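For reference, the structure discussed in these notes is given below.
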Amino acid sequence: MDWEIKRSLMKLIERRKIDTKGVMQENGAKNLVGLMMQPSSNITVDDMVEECKTFLFAGKHTTSNLLTWTTVLLAMHPQWQVQAREEVIRVCGSRAVPTKDDVVKLKTVSP
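This is the structure we're talking about:
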């Protein structure tokens, strides 16, 4: 699995190098890879891969914790489940899966 992530990140970095052709845009980098690729940055490709992996795993861990606590809180407060379910049905209708446009319309926040 580690080699798959490394290979994927190496492809991303190489693709970014080809896209920018070594020239930074006027408004600068817009993301982590772009910042690390700036000419003033003396960072190797391997270091870039390791930095990206750090952010990837931190985000994965944070998301996992969020979903775990959400599940625990919903189990502790069944009335929140009912409110959330009703709102999803009201906003999304009979569609099985909400779209990203539907998510911004969801407003229920329980105390």
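Residue numbering for the sequence shown is 26 to 136, as defined by this note's numbering. Cβ coordinates follow ideal geometry from the N, Cα and C atoms, glycine included. On a predicted model such as this, the values are computed, not experimentally measured, just so you know.
- Burial is judged here by how many other beta carbons sit within 10 angstroms of a residue's own beta carbon; MET73 has at least 16 and is buried.
- In this structure VAL107 does not touch PRO123 by the C-beta definition: roughly 17 Å separates them, more than the 8 Å allowed.
- With contacts defined by Cβ atoms closer than 7 Å, VAL116 and ASP126 do not form a contacting pair.
- A contact between stretches requires three or more CB pairs, one per stretch, nearer than 8 Å, and the stretch 76 to 94 meets this requirement with the stretch 29 to 36.
- Burial state of LEU91 is exposed, judged by a 10 Å Cβ sphere holding fewer than 16 other Cβ atoms.
- If you draw a straight line from the Cα of LYS36 to the Cα of VAL58, it is about 12 Å long.
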